[in-house]
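Q:
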Amino acid sequence: MRLVLVGPPGAGKGTQAEFIAAHFGIPKISTGDIFRANVSGGTDLGRLAKKYMDAGDLVPDEVTNAMVRDRLSQDDAVDGFLLDGFPRNVAQAGELNGILDEIGSPLSVVLDLEVDFDEVVKRLSGRRTCKKCGHVWHLEYDPPSSPGVCDKCGGELYQRDDDHPDTVRHRLDVYARQTAPLIDFYRSSDQLVAIDALGAVEDVTERAIEALTPFADDAVADEPAS
Ligand code: AP5
Ligand code: ZN
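Under the working numbering, the first residue of the sequence shown is numbered 179, with each subsequent residue one higher.
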C-alpha cells in the first residue's frame, strides 16, 4: 500500500500513522519527524529547517522534495509506505506523482483525518513527545503514567517549539491556505477517503483501518502496537 495521510496540525496523523503502518506492514515516513531528527542532530538540513519550523512555515519545496525522493528510494519503501506530512501543497503532490511515475507504482489512497480547529488547538497545547522514541502523548487525553517520562522507553518528554499558541495559529493559517487545496486536488481525482478523527484514539484507528483495507493489496495481519 502506498498511502498518504493528510489533515490539519494536531489531527492525529502521527498518532494514527504508527498504528496504521504497523497494521499494514509498511514503513511510516514522516517529514516532520525527519526534520526534527535533523534539528536535534545539528545537521545543515536541521539548521535550515528549524528557521521555518519554529515560525510555523513550510520548509521550501526543493529541500523537502529532495529529502522525500531520497527516503522513498530506500529499500524498505519498495513495497509500500505511509507518508505523514507530505505532500503538503499541490506542488509537492506533483513531485510525488513524478516519483511514483518513475517507479511505476501509483498511489493507493489518501486518508484525510477530519477534525475541527477547536479540537486541534486542545490537542496541540497538551501534546508531549518522547525525545528518545518519538512517541506522542497528551497531558489530558493520553497521559503517561509518570509525568514527563515515556512509558514505552523511559525517555524524557518535551513540548515542541512549534506548539506554542502563536505558532499554532500561524500553522493553522498555513494549513488553510496551502494544504487544504491539496485535499480538493485529491478529492477531485477520486483518490481521497475521509474519516471522522474525533473520539478515542483506538476508535479512530479502527475507522482508519476499515476505510483503508479495500486499498491494501495484501494486508498484513499485525495487530496495532499498544
Ligand atoms: P509536522 O510534524 O508534520 O506537523 P503537523 O502537520 O503540524 O502535524 P502535527 O505533528 O502537529 O500533528 P499530528 O496530526 O501528527 O497530530 P499528533 O498525532 O501529534 O510538521 C512540523 C513542521 O515541519 C511544519 O510546520 C513544517 O515547518 C515542517 N514540514 C513537515 N512536513 C513538511 C512538508 N511536507 N513541507 C514543508 N515543510 C514541512 O496528535 C496531536 C496531539 O493530540 C497529541 O498529543 C496526541 O496524543 C493527541 N491525540 C491524537 N489523537 C487523539 C484523539 N483521537 N483524541 C485525543 N487526543 C488525540
Ligand atoms: Zn519513548
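For glycine and all other residues, C-beta sits at the position ideal for the given N, C-alpha and C. Predicted model only: the values in this text are computed from it and were never measured.
With L289 as the anchor, note down where its beta strand (DSSP E) starts and where it stops.
A: 287-292
Q: I need the straight-line Cα distance from V268 to D239, nearest angstrom please.
A: One alpha carbon belongs to V268, the other to D239, and they sit about 10 Å apart.
Q: From R306 to G224, what distance separates their C-alpha atoms?
A: Between R306 and G224, the alpha-carbon positions lie close to 21 Å from each other.
Q: Suppose you measure from the CA of G272 to the CA of I361; what does that come to, to the nearest Å?
A: 13 Å
Q: State yes or no: is the beta carbon of G210 nearer than 7 Å to at least one beta carbon in chain D?
A: The chain inventory of the structure shown lacks chain D, comprising one protein chain alone.
Q: Rounded to whole angstroms, what is the Cα-Cα separation between D222 and N216?
A: 8 Å
Q: From Y336 to H313, what does the alpha carbon distance come to, in whole angstroms?
A: 11 Å
Q: Should H342 and G234 be called a contact, given that it needs their Cβ atoms to be closer than 7 Å?
A: no
Q: Cβ-heavy atom distance between H342 and ligand 2 below 6 Å?
A: no
Q: Looking at the secondary structure, which residues open and close the alpha helix (DSSP H) in which I361 lies?
A: First-last of the alpha helix (DSSP H) with I361: 358-366.
Q: Say whether the region 200-217 touches the region 281-293, bearing in mind that this needs 3 or more beta-carbon pairs closer than 8 Å, one atom from each stretch.
A: no
Q: Would you tell me roughly how many angstroms separate the C-alpha atoms of V184 and D248, rounded to the nearest one?
A: 21 Å
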